[in-house]
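Here the sequence shown stands for residues 1 to 318, numbered as in the numbering used here.
Even for Gly, the Cβ is constructed at its ideal location relative to N, Cα and C.
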Amino acid sequence: MFKILYNFERIRFSGKTFYPFYLSYNYKLRPVFKTIKLNKEYWGKKIPNLKYGTPNPLNAFSTDRDKFSDAMTTFKFLGVFKTTQAGRHKETQQFLKTYLVNFPNQLTILDIGASDGITSLDFINVINDSIKKYYVTDYNIKCTYYSYKGYTYFFDHAKNCFLVASEKFVFYPTDKKLFDFIFKKSLKKIKNFSKQELLLINSGLKEKKEGNEAIEIMEYNVFEAWPKEKADVVVVGNLLNKAYFDDAQIETALNNCYNALQENGILTIIRNILQENGEEIERSTIYKKNESAKIFNKVHEINGGIEIDEFVSSLSFK
Ligand SMILES: C[S@@+](CC[C@H](N)C(=O)[O-])C[C@H]1O[C@@H](n2cnc3c(N)ncnc32)[C@H](O)[C@@H]1O
């Protein structure tokens with residue numbers, strides 16, 4: 001049994017690697033592990049050196065900051081993971097701290113796609129005294145859930161179930177047919193039961209926000225116009241990249257960033273690239289809004305800048 005689980009995602013046999021497949025409804029072979037994953041917190045205790053598996057999504061109910069952020073790496077909405085972690089914007093934040101000293105006024109900052117807000121908390125701590133207003137925003141700032149017979153079902157805006165977690169396993173609707181085969185009955189049963197809401201914000205940021213009116217946590221979709229006052233700085237970390245969106249979508253999002261900024265406001269786009277050794281490289285590019293030319297001018301880049309820099313620099317905005 002343990003051997004099967006140890007090899008859950010890949011089986012090595014005679015020097016070759018095999019993936020556990022199942023025969024889907026249209027006679028195509030599909031990998032099981034994209035839909036069903038091991039809950040590492042449970043199996044890791046039983047199987048030493050467990051290679052595969054996923055952090056425990058049920059830690060989204062934990063007040064421990066690191067466990068919570070770890071749980072967020074398992075939350076995936078419409079193809080975008082909420083993966084985040086403290087310290088991953090460090091170099092960019094240190095640059096901004098020095099650069100923003102020249103700003104004449106206290107700063108209004110808009111952080112887009114902030115996930116659980118742990119990197120926003122880092123930035124707030126770095127530039128604390130300069131903040132007039134800090135908007136921590138994400139399109140998926142909360143979700144709803146229902147626990148039933150040992151499984152917790154998580155639902156998005158559109159009331160679609162995007163994740164099911166138990167103590168032992170984690171399920172995604174990656175392969176809808178397989179997912180429906182397993183959960184169709186239960187999902188039908190709980191469909192009209194009232195669900196509870198879960199704010200997907202780290203406890204560290206929640207504490208910081210208490211009694212601090214400068215911090216506002218709100219839902220915001222980057223594909224819509226920013227509805228509040230214009231910002232001096234817009235930060236977009238690990239959201240605007242071609243793995244998630246096509247050029248037209250990125251252009252729409254950038255146009256909204258442009259219009260969310262004051263004249264001479266600063267746009268910061270960050271992309272953390274995961275390396276083979278498991279460590280991340282922080283790459284970012286910092287731009288200044290040029291209202292007369294209706295473009296972004298590059299101010300600075302860190303570790304070679306972002307992959308979409310040429311694209312950003314080629315656009316003119318409305
Ligand atoms: C990979 S996380 C990045 C979190 C954090 N900025 C960081 O760099 O660690 C991407 C975040 O973007 C959010 N997101 C996805 N689509 C979005 C949209 N249309 N508008 C705003 N946020 C979105 C996701 O919910 C997720 O929390």
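Heavy atom of ligand 1 within 7 Å of residue i beta-carbon
i      : result
Asn259 : no
Asp138 : yes
Gly265 : no
Ala243 : no
Ser115 : yes
Phe77  : yes
Thr144 : no
Thr285 : no
Phe81  : yes
Val312 : no
Tyr220 : yes
Gly237 : yes
Ile250 : no
Phe154 : no
Phe223 : yes
Thr268 : no
Ile190 : no
Range covered by the beta strand (DSSP E) that runs through residue i
i      : result
Asn259 : Element bounds for Asn259: not the beta strand (DSSP E) but the alpha helix (DSSP H), Asp247 to Ala260.
Arg88  : Careful: Arg88 lies outside any beta strand (DSSP E) and carries neither H nor E.
Ser147 : Lys142 to Tyr148
Asp111 : Leu107 to Ile112
Tyr134 : Ile131 to Asp138
Asp70  : Note, Asp70: premise wrong, no beta strand (DSSP E); alpha helix (DSSP H) at Arg65 to Met72.
Leu163 : Cys161 to Ala165
Asp232 : Ala231 to Gly237
Unbroken alpha helix (DSSP H) run spanning residue i, endpoints
i      : result
Asp122 : Ile118 to Val126
Ser203 : Ser203 to Lys209
Val312 : Asp309 to Ser314
Ser186 : Lys176 to Ile190
Gly44  : Lys40 to Lys46
Beta-carbon contacts of residue i that lie in its chain and below 8 Å, excluding the five residues immediately before and after
i      : result
Val136 : Asp111, Ala114, Gly117, Ser120, Ile201, Leu205, Ile215, Glu216, Ile217 and Met218
Ile308 : Leu240, Asn241, Lys242, Ile250 and Ile269
His300 : Phe95, Tyr99, Thr285 and Ile286
Ser186 : Tyr148, Lys149, Tyr151 and Tyr153
Ser166 : Asn39, Gly150, Tyr151 and Thr152
Glu91  : Glu282, Ser284, Ile302 and Asn303
Assumed close pair residue i, residue j - CB separation to whole angstroms, cut-off 8 Å
i      : j      : result
Thr285 : Ile306 : 5 Å
Thr35  : Leu178 : 5 Å
Tyr319 : Tyr258 : The displayed coordinates of the chain run from 1 to 318. Any statement about residue 319 would go beyond what the structure contains.
Leu199 : Ile141 : 7 Å
His89  : Asp129 : His89 to Asp129, Cβ: 19 Å. No contact.
Phe75  : Lys82  : 4 Å
Contact set for residue i: own chain, Cβ-Cβ below 6 Å, skip 5 residues either direction
i      : result
Ala60  : Ala71
Lys133 : Thr108 and Ala214
Asn255 : Phe317
Lys168 : Asn39 and Tyr42
Chain-order list of residues whose beta-carbon lies under 7 Å from that of residue i (same chain, five-residue window excluded)
i      : result
Lys209 : Ile215 and Ile217
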